[in-house]
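Report on one structure; see the data block that follows.
In full-length UniProt numbering, the protein residues as written are 1 to 412.
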């Protein structure tokens, strides 16, 4: 692999190169974990974050609901997304090559609106665009950082309807600055007593989805609690389970052994040498204690997507089978480390119109720190109108439509 003196550093040139990608559609470099939704993969996804709602695991249960069959949890769409727009055009790829190469990045927040459910047999397409690049100082890295904002549009491949739009933002920090700052290294690992673990287990076993019993909008008041979910104490097995549900490729398409070797030739900046002198993905901060500490962390930490799932889980447990999670927005404020206990809670903040509920969400760890803040909009049935109607689907962004046409794909 060739040596790049700016690898892992944020430079003016690197930021400028990243901005060359603004509003240029691109798709996943590799096939998604799920090309087609299936009752088994939907169930495996739900179980990967501890969701035992039968709507997502039992086709017979789904047949008796408003949906007439099994549907997927809202965030199952993150395991899907076939590429109809190709990659970055060659001229853009060449001009922007090496943009923020080898720089540490972590998910800082997500804002997603859901328009249609995913059912077994569905195939989903995904097209993404970089929509903004913002420079700022880093609380974690202690130096220069860049926030990139990406928007992902998901369509049902058959109906061509937009079923979700997701905006996610990522903080890029210099690895050396992170090591030198080392603020997170002072976070002491927890040690739970047998009594504490027994209490947590008791709380977890008391959790359950509302299921088939409708929660009517008329019965909800501002200030109502959505209850609590206990996620953890998190261990490496939970992160392994996360990967069972979502796969290992994600947007980078990494894989083991021969697949990994081929991917390194395509994307060398996503790999570094481990303590044995062999190549491994930099993503191992989520399970490799030594590597996590080498970039300034206390120990391995979760994926931002895991906390997205936990907040969505709280909402879907509370709203019941007849409700619809319309929007979920969250900001990740602190790391969630292996060993941490996350208590997920929510409270009704507003009832702006019949059938519409707005809620504030929060995740607090065992140290009393708020690691995640969020908000959601939930559509509930009303006694006067019945089940809520699904929201209108938006138009596909013009730049994505152009890229689809260039690849021989058109709207219905």
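Ideal Cβ placement from N, Cα and C applies to all residues, glycine included.
Fill in: residue 412, DSSP secondary structure in three states
Residue confidence is low: residue 412 scores 47 on pLDDT, short of 50, so the model does not pin down where it sits. Its coordinate-derived value is still stated next. Residue 412 falls in the coil class under three-state DSSP.
Worksheet item: Can at least three beta-carbon pairs, one atom from the region 35 to 50 and one from the region 73 to 88, be found at a separation below 8 Å?
Response: The region 35 to 50 is in contact with the region 73 to 88.
Worksheet item: Hey, is the region 157 to 170 in contact with the region 268 to 281, meaning 3+ C-beta pairs nearer than 8 Å?
Response: Touching, no, given that fewer than three Cβ pairs across the two stretches are closer than 8 Å.
Item to complete: Could you tell me the distance, in whole angstroms, from the CA atom of residue 383 to the CA atom of residue 317?
Response: Cα-Cα distance, rounded: 20 Å.
Discussion item. Could you compute how far the alpha carbon of residue 227 sits from the alpha carbon of residue 346?
Written reply: Taking the straight line from one Cα to the other gives about 7 Å.
Fill in: Expected contact under 8 Å - CB spacing of residue 33 and residue 260 to nearest Å
Contact flag wrong, Cβ pair sits at about 16 Å.
Practice prompt. For chain D, find out if any of its Cβ atoms is closer than 8 Å to the Cβ of residue 271; answer yes or no.
Written response: Looking at the structure shown, chain D is missing, and only one protein chain is on hand.
Worksheet item: Do residue 400 and residue 148 have their C-beta atoms closer together than 8 Å?
Response: No.
Practice prompt. Sort out for me which residues DSSP pairs residue 123 with in a bridge.
Written response: Answer is 36, bridged to residue 123.
Worksheet item: Would you report the Cα separation of residue 238 and residue 123, rounded to the nearest angstrom?
Response: Looking at the two C-alpha atoms, the distance is approximately 28 Å.
Fill in: Limits of the beta strand (DSSP E) - the one that residue 352 falls within
From DSSP, the beta strand (DSSP E) with residue 352 extends over 342 to 353.
Discussion item. Does residue 393 come out as helix, strand or coil in the three-state DSSP assignment?
Written reply: Residue state, collapsed to three classes: coil.
Worksheet item: If you draw a straight line from the alpha carbon of residue 193 to that of residue 371, how long is it in whole angstroms?
Response: Those two C-alpha atoms are separated by around 23 Å.
Worksheet item: Can residue 297 and residue 285 be called in contact, C-beta distance under 8 Å?
Response: With respect to the 8 Å criterion, residue 297 and residue 285 are classified as neighbours on the basis of their beta carbons.
Fill in: Nearest neighbour of residue 328, chosen from 303, 366, 373 [CA to CA]
Of 303, 366, 373, the residue nearest in Cα terms is 373.
Worksheet item: In this structure, does DSSP put residue 357 in helix, strand or coil?
Response: Residue state for residue 357 is assigned as strand, using DSSP reduced to three classes.
Practice prompt. Check whether the region 86 to 103 touches the region 16 to 30, counting contact only when three or more Cβ pairs, one atom from each stretch, lie closer than 8 Å.
Written response: Yes, since at least three Cβ pairs between the region 86 to 103 and the region 16 to 30 fall closer than 8 Å, the two stretches touch.
Item to complete: Could you please give the first and the last residue of the uninterrupted alpha helix (DSSP H) stretch that includes residue 399?
Response: 398 to 406 is the span of the alpha helix (DSSP H), which, as asked, contains residue 399.
Fill in: Segment contact, 8 Å Cβ cut-off, at least three pairs: the region 291 to 310 with the region 328 to 338
Flag = yes, the region 291 to 310 and the region 328 to 338 touch.
Worksheet item: Quick one: what does DSSP say residue 376 is sitting in, helix, strand or coil?
Response: Note: residue 376 maps to strand in three-state DSSP.
Worksheet item: Roughly how many whole angstroms lie between the Cα atoms of residue 241 and residue 255?
Response: Those two C-alpha atoms are separated by around 16 Å.
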